[in-house]
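Heads up, my numbering is the position in the sequence shown plus 401, with the first residue counted as 1. The beta-carbon is built from N, C-alpha and C at its ideal position, and this holds for glycine as well. Okay, so here's the structure we're looking at.
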Amino acid sequence: MTSSTDTTAEPDGGFTDQERAAMKERAKELRAARASGGKGRKKVDPEVAVLEKIAEMPDDDRVMAERIHALVKEHAPELGTKTWYGMPAYTRDGKVVCFFQAASKFGARYATFGFEGAAHLDEGDMWATTFALTHIGPAEEERIVELLRRAMG
Numbered sequence: 402m403t404s405s406t407d408t409t410a411e412p413d414g415g416f417t418d419q420e421r422a423a424m425k426e427r428a429k430e431l432r433a434a435r436a437s438g439g440k441g442r443k444k445v446d447p448e449v450a451v452l453e454k455i456a457e458m459p460d461d462d463r464v465m466a467e468r469i470h471a472l473v474k475e476h477a478p479e480l481g482t483k484t485w486y487g488m489p490a491y492t493r494d495g496k497v498v499c500f501f502q503a504a505s506k507f508g509a510r511y512a513t514f515g516f517e518g519a520a521h522l523d524e525g526d527m528w529a530t531t532f533a534l535t536h537i538g539p540a541e542e543e544r545i546v547e548l549l550r551r552a553m554g
């Protein structure tokens, strides 16, 4: 059995506690999206949901998530906002373009800013899609903005 901070796979190859929690969050997001279209159901505001997830993060992760959220809103305002596996994510035409994964999400030593297939980061036959973050200063902000511009194609 793994501890709540252990990110290694179960000895039998099963999922960690954090992975199971992320899958449960995703299932909850999908149920909420389906339910919000029903009669008499309160529609969930995705922007509010993302800001709530960011507010729940430990301080180090929260500061970075808030900065990434602000950079996305400023430099890629056409992207939509949603939670994705319990993480802040930004979408185009319903598809995730980029996301922020807090270090605390899986007990990692760094947070990540990642991109999915809808991002246009292609560079030949091989390119990076996830970037480790321990702090966001001016140099990191510049790189994030550059990546957002490229991702938007």
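Three-state secondary structure (DSSP) of residue i
i: V497; result: strand
i: L534; result: strand
i: A456; result: helix
i: P489; result: strand
i: K444; result: coil
i: T408; result: In this prediction, T408 scores a pLDDT of 49, lower than 50, which makes its location untrustworthy; the coordinate-derived value is nonetheless stated afterwards. Reduced to three states, the DSSP call for T408 is coil.
Run of the beta strand (DSSP E) containing residue i, from where it starts to where it stops
i: A512; result: A512 to F516
i: T417; result: First-last for T417: undefined, no H or E at that position.
Cβ-Cβ separation, residue j to residue i (assumed contact under 8 Å), whole Å
i: L534; j: H476; result: At roughly 17 Å, the Cβ-Cβ gap does not stay under 8 Å, so L534 and H476 are not in contact.
i: D462; j: A504; result: 6 Å
i: F514; j: I455; result: 14 Å between Cβ atoms; not a contact.
i: E543; j: L472; result: About 10 Å separates the two Cβ atoms, so there is no contact after all.
i: E420; j: G487; result: Not really, about 11 Å apart at Cβ, beyond 8 Å.
Bounding residues of the alpha helix (DSSP H) (the contiguous stretch that carries residue i)
i: M553; result: P539 to M553
Residue nearest to residue i in terms of C-alpha spacing, selected from the options
i: E448; options: L431, K425, L480 and E420; result: L480
i: K506; options: G415, A423, F416 and D413; result: A423
i: G538; options: R493, V451, V464 and L431; result: V464
i: P478; options: R493, D446 and G518; result: R493
i: T417; options: A512, G508, E467 and L522; result: G508
Residues near residue i in its chain [Cβ-Cβ closer than 7 Å; skip 5 each side]
i: A520; result: V498, C499 and A552
Residues of its chain near residue i, where Cβ-Cβ distance is below 8 Å and the 5 sequence neighbours each way are ignored
i: E467; result: I455
Contacts around residue i, its chain only, beta-carbon distance under 6 Å, and the 5 residues preceding and following it disregarded
i: A450; result: T484
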